[in-house]
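K.L.:
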Amino acid sequence: MSTDSLTAARPFVVALWVGGAEVTRVEVSDLHTAYSTLAELLEQSPGEASGAWAVASGWPEAISLVVRFRPGVVGERQRVAHIITLAPGQWHTWALTTLCGRSLLVGEVEFLQPGQGMPCMPCFLRSRPFDEQLGVARA
Ligand SMILES: [Zn+2]
């Protein structure tokens, strides 16, 4: 899948629940928008509301993204590029789990283009589907 078709489509959903019932569901094109939409919805909602975002359960494949800590959050040597894989239908809130098992807070990371940054080797060694998404030829 190319990056162009990802940005044209709306693979992400943001949902809000009050008292266990879903009250809002919004489809968005990217993760940044998913977070800002979730934050906005929660801000406008009563205290008992809860929210989350996911890759839509009907989306045909998992979506992989490259993330690293923003400058200043950790030392430069720890700012390696991790990979996260988001399975369709799996709800998330403010943390992302990398392929190497780290839990990163959304507010502490920046999103990179594939190939940017110094790769986290454990993540990249586990990222075969990511190679396929990029159209990288495999041996
Ligand atoms: Zn990693």
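For the sequence shown, position 34 (counting from the first letter as 1) is numbered 34 according to my numbering, and the numbering increases by one without interruption.
Cβ atoms here follow ideal geometry from the backbone N, Cα and C, with glycine treated the same way.
1) Mind listing, in chain order, the continuous alpha helix (DSSP H) runs of no fewer than 4 residues lying wholly within the stretch 17-67?
2) Can you name the start and end residues of the beta strand (DSSP E) that Leu125 belongs to?
3) Kindly say whether Ala39, judged by its beta-carbon, lies nearer than 8 angstroms to any beta-carbon of chain C.
4) Count the CB pairs spanning the stretch 41-50 and the stretch 74-92 that are closer than 8 angstroms, and state whether there are at least three.
5) Please list, in chain order, all residues of the same chain as Gln116 whose beta carbon is under 8 angstroms from its beta carbon, the five residues on each side excluded.
6) If we ignore side chains and look at the alpha-carbon of each, how far apart do Thr93 and His32 end up?
7) Alpha carbon to alpha carbon, what distance is there between Ser64 and Trp91?
8) Within 10 Å of its beta-carbon, does Ala34 have 16 or more other beta-carbons around it, so buried, or fewer, so exposed?
9) Answer yes or no: the CB of Thr85 versus the heavy atoms of ligand 1, is any distance below 7 angstroms?
10) I'd like the list of long-range same chain contacts for Phe111, defined as Cβ closer than 8 angstroms, with 5 residues on each side in sequence excluded.
11) Check whether the Cβ of Leu99 lies closer than 7 angstroms to any heavy atom of ligand 1, and answer yes or no.
12) Out of Leu125, Gly58 and Leu42, which one is the CA nearest neighbour of Gly101?
13) Does the beta carbon of Pro114 fall short of 7 angstroms from some heavy atom of ligand 1?
14) For Arg79 and Phe69, which I take to be in contact (beta-carbon distance under 8 angstroms), what is that distance rounded to the nearest angstrom?
P.N.:
So, from the listed chains and residues:
1) Secondary structure within the stretch 17-67: the alpha helix (DSSP H) runs of 4 or more consecutive residues, fully enclosed, are 31-43 (chain order).
2) Residue 125 sits at position 125 when you count from the first residue of the sequence shown. Leu125 -> not in any beta strand (DSSP E); alpha helix (DSSP H) instead, spanning Met121 to Leu125.
3) Given the protein chain composition of this structure (a single chain), no chain C is represented.
4) Counting Cβ pairs under 8 angstroms, fewer than three are found: no touch.
5) Reading the sequence shown from its first residue, position 116 is the one you call residue 116. Once the five neighbours on either side are set aside, the close Cβ partners of Gln116 are Val66 and Ala81.
6) Residue numbering aside, residue 93 sits at position 93 when the sequence shown is read from its first letter. Residue numbering aside, residue 32 sits at position 32 when the sequence shown is read from its first letter. Looking at the two C-alpha atoms, the distance is approximately 13 angstroms.
7) Residue mapping note: residue 91 aligns to position 91 of the sequence shown, counting from 1. Residue mapping note: residue 64 aligns to position 64 of the sequence shown, counting from 1. Whole-angstrom Cα-Cα distance: 15 angstroms.
8) Looking up residue 34 in the sequence shown gives position 34. Result: buried.
9) On the sequence shown, position 85 is the one that residue 85 refers to. Set against 7 angstroms, the gap from the CB of Thr85 to the closest heavy atom of ligand 1 is not smaller.
10) Walking along the sequence shown from the start, residue 111 turns up at place 111. Cβ neighbours of Phe111 beyond the five flanking positions: Leu31, His32, Leu65, Val66 and Val67.
11) Position 99 of the sequence shown, counting from 1, holds the residue named residue 99. Ligand 1 approaches Leu99 closely enough that one of its heavy atoms is under 7 angstroms from the residue's Cβ.
12) Stepping through the sequence shown from its first residue, residue 101 is reached at position 101. Ranking Leu125, Gly58 and Leu42 by CA distance to the CA of Gly101 puts Leu125 first.
13) The residue you call residue 114 lines up with position 114 of the sequence shown. Not one heavy atom of ligand 1 is found less than 7 angstroms from the C-beta of Pro114.
14) Counting from 1 along the sequence shown, the entry for residue 79 is found at position 79. Counting from 1 along the sequence shown, the entry for residue 69 is found at position 69. Confirmed, about 5 angstroms.
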